[in-house]
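To keep things clear, I will list the structure first and then write my remarks on it.
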Amino acid sequence: MPDKNIALFEISWSTSNFVGGSKEAQVDFVLQAFDFYSEYEPKIEFFTWYRQYDKPEGTCIVGSARIEGQVSIGGGSGLGSSEFVIERLSNYICSAGLIDSDGNKKPAWAEFEKVIKQNQ
23 MPDKNIALFE ISWSTSNFVG GSKEAQVDFV LQAFDFYSEY EPKIEFFTWY
73 RQYDKPEGTC IVGSARIEGQ VSIGGGSGLG SSEFVIERLS NYICSAGLID
123 SDGNKKPAWA EFEKVIKQNQ
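Offset between the sequence shown (1-based) and the numbering used here: plus 22.
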């Protein structure tokens, strides 16, 4: 659909070891995201980062972690039990910020800031 615009809503990369994330991988993702943005800017309606600040571990999923049945994302994902999926999601989203829960800037924040300043 060449005549359609696109939107990137709440993109992120977690630094949680629990889900295989790292600070280095988050930097790489930020750089790739901005490369994509630069290439397709005329077609992009909006581009948002999911979370500026991390939240303390264990605070991102509120309520019961017990869900009847299995969580499925299709395609035979084999993600396992619903509790496992919720635990991974909680770890992912609590650590998806560019600044940690103690207020320390992660390396990806510096890259994010640098690219924004270059494009002002």
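Glycine included, each C-beta is placed from N, C-alpha and C at the ideal position.
Skipping 5 residues on each side, what residues in its chain have a beta carbon closer than 7 Å to that of residue i?
{"i": "Asp53", "result": "Residue identity check: residue 53 is Leu in the sequence provided, not Asp. Same-chain partners within the cutoff: Glu133."}
{"i": "Glu32", "result": "Thr70 and Tyr72"}
{"i": "Val49", "result": "Pro129, Ala130 and Glu133"}
If I measure Cβ to Cβ from residue i and keep anything under 6 Å in the same chain, skipping five residues before and after, which residues do I get?
{"i": "Tyr62", "result": "none"}
{"i": "Gly40", "result": "The sequence shown places Phe at residue 40, rather than the Gly named in the question. If we look at Phe40 and ignore the five residues flanking it on each side, its Cβ neighbours are Asn113."}
Does residue i come out as helix, strand or coil in the three-state DSSP assignment?
{"i": "Ala118", "result": "coil"}
{"i": "Lys128", "result": "coil"}
{"i": "Ile10", "result": "The question about residue 10 has no answer, for the chain in this structure spans 23 to 142."}
{"i": "Glu79", "result": "coil"}
Taking residue i as the reference, which of the options has the closest Cα?
{"i": "Leu30", "options": "Phe106, Lys139, Ala47 and Phe58", "result": "Phe58"}
{"i": "Phe68", "options": "Ser60, Ile28 and Gln74", "result": "Ile28"}
{"i": "Val137", "options": "Ser104, Ile108, Ser60 and Phe106", "result": "Ser60"}
{"i": "Arg110", "options": "Ile83, Phe56, Pro24 and Lys65", "result": "Ile83"}
{"i": "Leu120", "options": "Lys139, Lys26, Ile108 and Glu135", "result": "Glu135"}
{"i": "Lys139", "options": "Phe106, Val107, Pro64 and Phe56", "result": "Phe56"}
{"i": "Ile66", "options": "Asp25, Ile108 and Gly125", "result": "Asp25"}
Which same chain residues end up closer than 8 Å to residue i when comparing Cβ atoms and leaving out the 5 residues on each side of it in sequence?
{"i": "Gly80", "result": "Ser112 and Cys116"}
{"i": "Gly43", "result": "Trp35, Ser36, Thr37, Tyr114 and Ser117"}
{"i": "Ile47", "result": "It should be pointed out that residue 47 corresponds to Ala in this sequence rather than to Ile. The answer, listed in chain order, is Trp35 and Thr37."}
{"i": "Pro78", "result": "Cys116 and Ser123"}
Can you give the beta carbon distance from residue i to residue j, rounded, assuming they're within the 8 Å contact cut?
{"i": "Ala200", "j": "Ser34", "result": "Since the displayed the chain opens at 23 and closes at 142, residue 200 lies outside it and no answer follows."}
{"i": "Tyr75", "j": "Ser38", "result": "In fact, because the Cβ distance is near 14 Å, the residues do not count as touching under 8 Å."}
{"i": "Lys45", "j": "Lys127", "result": "Not confirmed; about 11 Å, so no contact."}
Cβ of residue i versus every heavy atom of the ligand ADP: is any distance shorter than 7 Å?
{"i": "Gln142", "result": "The ligand ADP is not part of this structure, which contains no ligands at all."}
Identify every run of the alpha helix (DSSP H) within the stretch 25-71, keeping only runs that are complete inside it and at least 4 residues long; order them along the chain.
45-62
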